[in-house]
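Asks:
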Amino acid sequence: MAEDLTPQVLSVLASSDDPITTSEAFPTASFASLKSVVDKLRSRDFIQAEQIGRVELVLTKEGQEIADHGSNGARVFEAVRASLEGLKIRDLPAAVGDPNVAKFGSGDAFKQKWVRKDGDILKATVNQIQDEVRQQLREIQATHKLENPKVVADFKKRKYVVEEKIIDFKLAKGPKFSTEFVKEETDLTSEMLASGAWKTVQLKPYNFKAKGTPTVAGALHPLNKVRQEFREIFFEMGFEEMPTNRYVETGFWNFDALFVPQQHPARDLQDTFYISDPVKADPPREDPEPTPPGAKSTPPPTDKDNKLAAKKLDFKQYWEDVRAVHESGKFGSIGYRYPWSADESLRLVLRTHTTAISTYMLHKLALDPRPARYFSIDRVFRNETVDQTHLAEFHQVEGVIADWGLTLGGLIGFMEVFFNKMGIKNLRFKPAYNPYTEPSMEIFSYHEGLKKWVEIGNSGMFRPEMLEPMGLPKDMRIYGWGLSLERPTMIKYGVNNIRELLGHKVDLNFIEQNPAVRLHKD
Numbered sequence: 001m002a003e004d005l006t007p008q009v010l011s012v013l014a015s016s017d018d019p020i021t022t023s024e025a026f027p028t029a030s031f032a033s034l035k036s037v038v039d040k041l042r043s044r045d046f047i048q049a050e051q052i053g054r055v056e057l058v059l060t061k062e063g064q065e066i067a068d069h070g071s072n073g074a075r076v077f078e079a080v081r082a083s084l085e086g087l088k089i090r091d092l093p094a095a096v097g098d099p100n101v102a103k104f105g106s107g108d109a110f111k112q113k114w115v116r117k118d119g120d121i122l123k124a125t126v127n128q129i130q131d132e133v134r135q136q137l138r139e140i141q142a143t144h145k146l147e148n149p150k151v152v153a154d155f156k157k158r159k160y161v162v163e164e165k166i167i168d169f170k171l172a173k174g175p176k177f178s179t180e181f182v183k184e185e186t187d188l189t190s191e192m193l194a195s196g197a198w199k200t201v202q203l204k205p206y207n208f209k210a211k212g213t214p215t216v217a218g219a220l221h222p223l224n225k226v227r228q229e230f231r232e233i234f235f236e237m238g239f240e241e242m243p244t245n246r247y248v249e250t251g252f253w254n255f256d257a258l259f260v261p262q263q264h265p266a267r268d269l270q271d272t273f274y275i276s277d278p279v280k281a282d283p284p285r286e287d288p289e290p291t292p293p294g295a296k297s298t299p300p301p302t303d304k305d306n307k308l309a310a311k312k313l314d315f316k317q318y319w320e321d322v323r324a325v326h327e328s329g330k331f332g333s334i335g336y337r338y339p340w341s342a343d344e345s346l347r348l349v350l351r352t353h354t355t356a357i358s359t360y361m362l363h364k365l366a367l368d369p370r371p372a373r374y375f376s377i378d379r380v381f382r383n384e385t386v387d388q389t390h391l392a393e394f395h396q397v398e399g400v401i402a403d404w405g406l407t408l409g410g411l412i413g414f415m416e417v418f419f420n421k422m423g424i425k426n427l428r429f430k431p432a433y434n435p436y437t438e439p440s441m442e443i444f445s446y447h448e449g450l451k452k453w454v455e456i457g458n459s460g461m462f463r464p465e466m467l468e469p470m471g472l473p474k475d476m477r478i479y480g481w482g483l484s485l486e487r488p489t490m491i492k493y494g495v496n497n498i499r500e501l502l503g504h505k506v507d508l509n510f511i512e513q514n515p516a517v518r519l520h521k522d
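Those letters in the sequence shown? Residues 1 to 522, per UniProt numbering, in order.
Rendered as C-alpha cells:
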C-alpha cells in the first residue's frame, strides 16, 4: 500500500513561508500519490494548489549508451589510438565491439579530423580529443535541459533525446491550514448513534458537484448512426425500405436477372464468395407448390387476385426469358450470344450487391406496375484484399425509382437533391459502363479536405434487357444508384483506416464516445 504523504506535505509547508514545488520537495513520490493528497487537502482549504507543466529532455537508450561510453566518433578514435601502428579498416568493427558504431563513428571521426586513412590503415591524427556530444548528453542527463537549441534539434533528429511532459504542483498554505489533518468519517453508523460519538467525529462533507459513476450501457455503432441518417433522408423523400435479410443469393438473382453475363469477371472466385454446401439451389418449379394438408380456407379470390396469382405462377417463363435474352437476344436486344448455363445460374453466392434485392422487388412490381420508390442499406460481400480502404464485407446504400417518362436529366436532378440533403452540393457526373444500366454515370464530389474530386457513388437507368423479361411495361423507366455506407462515415468521424471502423480491430471506446452526426452539417 502506498505511503500517505499528507503529514509530510503539511510538515514541509509549515516549515516554509514560501510556496513549494512538489517535484523538488518530494522527488521520489509518484504523481498519482501527490495528486491524491493535493486534491484532498485543497478541497478542505488546507492548501492552495496550482498545477503546472513543463517539458524536459530525456535520454533515449541510444543517448544513454553515448553518455556512458562516449560518442561513436570518440569510440572509433580511442580504438585507433590504442593501436600503435594503426588499425586496419576491416578490424574496426571488432575493435569497437559494434558494427553500427564503426559504421557511423568512422564518418564522425573523419569529419572531426581525429583520424586519417593511410591505404587500408586508420591512424590517429591527434593525441587527445574533447567528446562534446558525450558532455552535452551528460548535461541533459543531469539537468534535463540544454541551452543550445540547434544541438537539441540535432539530438532529437538522431534520436538521442526525446521530450517528456512533466506535471507538477505548486503548493501554498490555505485559509484553513493546519499541521494536523483529522480523518473524516464518510458514513454515519448505528454504533456512532448508540455511543454518542456522532457528536464529536468530523464527517466528510458531501460534494454535490461530483460526477456520478459512469453507467455501463450499450452504444450505437457510428455506422448505425449514419445509416439512420440515410434512412431519414429516404423516408423524407417518399421511399419504401426493401427487405434485405437474404445474404445468400443464387447467381440468377445476383447476376443473370441483372443482365450480367456468366463470363463477367465479377463472377470469378477472385471477386465473389461462393457457397460450398449446398453448392447450388433447386431449379425453378413448373407448377405451384401444393396446399399443405389442413390449411385454413381463404376468401374467394377477386379478379385482380386471380391475375396477380397467374403472374406469380409464371416464374418459369421469367427464367426462360432471362435465358433467351442472354443466349440469343429478345425484346429487341441481340443479347450476348453465348451458351447460357442453368447450373451456373443456380450457384449460391454471398450477395455482392443489394441490387439483387432491387431486382426481386422490381419483379414483384411487374405484377402491378405503378410508380414506386425503394431503398435498402445492408451488408454485401466481395472477395477483396483487405487494406486501409477495402473490406471483404461492407454496407451498400441503394435507391430505386420506377415511373413513366423518366429521363437522364431527371436522374441528374434527383441526385443533386439527394446528395444536397447530406450537405454535398458540388457534383460532377461522368459516363460509365454497368452491365445492367444504360446510360450509366459515376458521381463525383469535390472534397475540400483532400482538395480533389472523389467518387461518391454510381448510378444509371436500368436496361430493357433487365426490365422487360420481368413483365414491366416497355415505357416504364427505372433509376438506380448506390454508394457505400463506410466512406461517408469515415469522413464524418475522421477515420483513416476502414479496419478501425468495422471488424475485430474496432475500439469499443471509439463506439461509446463518438456522438451522433448530421449529414447536412460539416
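The beta carbon of each residue, even a glycine, is placed where N, CA and C say it ideally should be.
Based on DSSP bridge pairs, tell me the residues matched to K48.
Replies: As a working mapping, residue 48 is identified with position 48 in the sequence shown. For clarity, residue 48 is Gln in the given sequence; the question names Lys instead. For Q48, which the question treats as bridged, DSSP gives the partners A172.
Asks: For L485 versus H353, is the C-beta distance shorter than 8 Å?
Replies: Here residue 485 refers to the residue found at position 485 of the sequence shown. Here residue 353 refers to the residue found at position 353 of the sequence shown. Cβ atoms of L485 and H353: not closer than 8 Å.
Asks: Please state whether the Cβ-Cβ distance between V386 and R499 is less than 8 Å.
Replies: Looking up residue 386 in the sequence shown gives position 386. Looking up residue 499 in the sequence shown gives position 499. Taking 8 Å as the Cβ cut-off, V386 and R499 qualify as a contacting pair.
Asks: Let me check understanding here. Comparing Cα to Cα, which of Q128, Q51, D118 and G63 lies closest to A82?
Replies: Within the sequence shown, residue 82 is the residue found at index 82, counting from 1. For A82, the nearest C-alpha among the options comes from Q128.
Asks: Starting from N420, trace the alpha helix (DSSP H) in both directions and tell me its first and last residue.
Replies: Counting from one through the sequence shown, the residue named residue 420 turns up at place 420. Per DSSP, N420 belongs to the alpha helix (DSSP H) from L408 to N420.
Asks: Got a sec? Which residues, its chain only, sit under 8 Å from T437 by beta carbon, not counting five neighbours each side?
Replies: Taking the sequence shown and counting its residues from 1, the one referred to as residue 437 is at position 437. If we look at T437 and ignore the five residues flanking it on each side, its Cβ neighbours are S459, G460, M461, F462, R463 and G480.
Asks: Is the beta carbon of R379 closer than 8 Å to that of D271?
Replies: Against the sequence shown, residue 271 aligns to sequence position 271. Against the sequence shown, residue 379 aligns to sequence position 379. Not in contact: D271 and R379 (Cβ atoms no closer than 8 Å).
Asks: Taking only three categories from DSSP, how would you classify H395?
Replies: Numbered from 1 along the sequence shown, position 395 holds the residue referred to as residue 395. It is a strand residue.
Asks: Do you know how far the Cα of L411 is from the Cα of A432?
Replies: Position 432 of the sequence shown, counted from the first residue, corresponds to residue 432. Position 411 of the sequence shown, counted from the first residue, corresponds to residue 411. Distance between the alpha carbons of A432 and L411: 15 Å.
Asks: From K156 to S71, what distance separates their C-alpha atoms?
Replies: Here the question's residue 156 lines up with position 156 in the sequence shown. Here the question's residue 71 lines up with position 71 in the sequence shown. Taking the straight line from one Cα to the other gives about 15 Å.
Asks: Which one of S358, E62, G409 and T6 has the shortest CA to CA distance from V397?
Replies: Residue mapping note: residue 397 aligns to position 397 of the sequence shown, counting from 1. Of the candidates S358, E62, G409 and T6, the one whose C-alpha sits nearest the C-alpha of V397 is S358.
Asks: Looking only at C-alpha atoms, which of F181, V126, F444 and T250 sits nearest to L84?
Replies: As a first step, residue 84 must be located in the sequence shown, where it is residue number 84. The shortest C-alpha separation from L84 is found at V126.
Asks: Work out the CA separation of E164 and V115 for me, nearest whole Å.
Replies: Here residue 115 refers to the residue found at position 115 of the sequence shown. Here residue 164 refers to the residue found at position 164 of the sequence shown. For V115 and E164, the distance between alpha carbons rounds to 37 Å.
Asks: Ends of the beta strand (DSSP E) at T437?
Replies: Indexing the sequence shown from 1 puts residue 437 at position 437. T437 to H447 is the extent of the beta strand (DSSP E) around T437.
Asks: Nearest-angstrom Cα distance between E249 and R351?
Replies: Your numbering for residue 249 matches position 249 in the sequence shown. Your numbering for residue 351 matches position 351 in the sequence shown. The alpha-carbon atoms of E249 and R351 are separated by roughly 6 Å.
Asks: Per DSSP, K111 forms a beta bridge with which residues?
Replies: As a first step, residue 111 must be located in the sequence shown, where it is residue number 111. None, per the DSSP bridge assignment.
Asks: Within a Cβ cutoff of 8 Å, which residues of the same chain sit near P175, ignoring the five residues on either side of it in sequence?
Replies: Here residue 175 refers to the residue found at position 175 when the sequence shown is read from its first residue. Within the same chain, P175 has close Cβ partners D45.
Asks: Ends of the alpha helix (DSSP H) at T250?
Replies: In the sequence shown, the residue the question calls residue 250 occupies position 250. From DSSP, T250 is part of no alpha helix (DSSP H) but of the beta strand (DSSP E) over V248 to T250.
Asks: Go through its chain and collect everything with a Cβ distance to V495's Cβ below 6 Å, but skip five positions before and after it.
Replies: Position 495 of the sequence shown, counting from 1, holds the residue named residue 495. So the list reads L501, once near-sequence residues are dropped.
Asks: Taking the beta carbon of E286 as the centre, do at least 16 other beta carbons fall within 10 Å, making it buried, or is it exposed?
Replies: As a working mapping, residue 286 is identified with position 286 in the sequence shown. Note that E286 has pLDDT 49, beneath the 50 cutoff, so the model's placement of it is unreliable and the number below is only indicative. So E286 counts as exposed.
Asks: Please classify D378: does DSSP put it in a helix, a strand, or coil?
Replies: For this step, residue 378 is matched to residue 378 along the sequence shown. The answer is strand: DSSP assigns D378 an E or B state.
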